[in-house]
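In the numbering used here, the protein residues as written are 1 to 314. By construction, the Cβ of each residue, glycine as well, lies at the ideal position given by its N, Cα and C atoms.
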Ligand code: NAP
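In structure tokens, the structure reads:
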């Protein structure tokens, strides 16, 4: 049962949520932040972040995640490491329920991000954890001197492909078109790496093996021809889906399930703000997610002050 009423509950401790927590807690708003996996969200499983200002040589995803978590705690934010199952408004406050208990707040910041999209092909689920992975930093070291395949052509796929060449003997990028979506810098690095080869205009149609994954069934989308690619591992980086199933009917969302906000990061529900990857139209860059977390935190502070002015000096 909820006893204490927090000023703000933040759902999701990625770059957006942790920045929001630093701002609200530092403004002396009682702040509770939920995280169901590891703080830092997707950043925590990223090898190296090279485009976050202040780190001229880059910073590992693990490091920057724990720096942000430590900073939020230092500012006074409380953490709950559990999944939020439902959210509702009751008698002027918000009730946020996890499997264990409910928590109450006067405002909410949705920073729940997104999760890796699946291929949805036969064998993918069966061999998940037995060859199929969605996290290079978690599972890459298991593939020392092995053959692996990557699906995707965006920044995530190419950045993680480059990382995986540290371990694997050979990395094959399977992409459904004949051009990458990734930034030119990453493309250049990948094209000049002798361990990386490309299978263009191709999609994986099945993952096969016995106890562990052994091969991929691949179809050329232009010719329709099918072939097998021997591979010890498959890493899938084909984008993300928003983590918003528990928010259905609570705030307005777009067709894909991303939360719609106005230019003040307000959702359709008064007192509820959304920022970072879960927001419709987000740029999905760590620095932008952090900036959005700051704006959402300031907007929630303004909302709380309008409801119940705290007075005092700023
Ligand atoms: P993304 O940019 O949406 O790229 C997804 C890739 O997967 C695309 O190449 C897409 O092909 C392919 N794809 C999608 N669905 C597929 C399917 N069912 N089967 C096969 N291939 C499929 O996703 P992301 O790479 O995860 O990046 C997300 C955002 O984060 C982007 O804005 C990106 O810039 C950002 N990001 C930035 C960095 C960085 O700055 N270093 C690192 C990682 C991510 P098509 O190209 O044909 O659509």
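query: Cα-Cα separation, residue 314 to residue 26; result: Bear in mind that the predicted position of residue 314 carries a pLDDT of just 46, short of 50, making it unreliable; the figure below should be weighed with that in mind. Straight-line Cα distance between these residues: approximately 12 Å.
query: Local conformation of residue 301 per DSSP, three classes; result: helix
query: Residue 220 CB to nearest heavy atom of the ligand NAP below 6 Å; result: no
query: Minimum C-alpha distance to residue 279 - residue among 270, 86, 251; result: 251
query: For residue 143, the first and last residue of its enclosing alpha helix (DSSP H); result: Premise fails: residue 143 is in no alpha helix (DSSP H) and is neither H nor E.
query: Identity of the residue in 310, 107, 136, 17 nearest residue 69 by Cα; result: 17
query: Top-ranked residue by Cα proximity to residue 61, from 159, 180, 28, 84; result: 159
query: For residue 27, three-class secondary structure by DSSP; result: coil
query: Cross-strand partners of residue 149 (DSSP beta bridge); result: 172, 234
query: Whole-angstrom distance between residue 24 and residue 190, CA atom to CA atom; result: 41 Å
query: Continuous alpha helix (DSSP H) stretch holding residue 161: start and end; result: 155-164
query: Cβ-heavy atom distance, residue 42 to the ligand NAP, below 6 Å; result: no
query: Cut-off 8 Å between Cβ atoms - residues of its own chain near residue 145, not counting five sequence neighbours on either side; result: 167, 168, 169
query: Whole-Å CB distance - residue 72 paired with residue 21, under 8 Å assumed; result: 4 Å
query: Integer Cβ distance of residue 121 from residue 205, believed to fall under 8 Å; result: 6 Å
query: Presumed contact (8 Å Cβ cut-off) between residue 246 and residue 86, rounded CB distance; result: 6 Å
query: Distance, residue 254 Cα to residue 175 Cα; result: 27 Å
query: Residues bridged to residue 68 [DSSP beta-bridge criterion]; result: DSSP, once it has assigned bridges, lists no residue as partnering residue 68.
query: Coil, strand or helix - residue 245 by DSSP; result: helix
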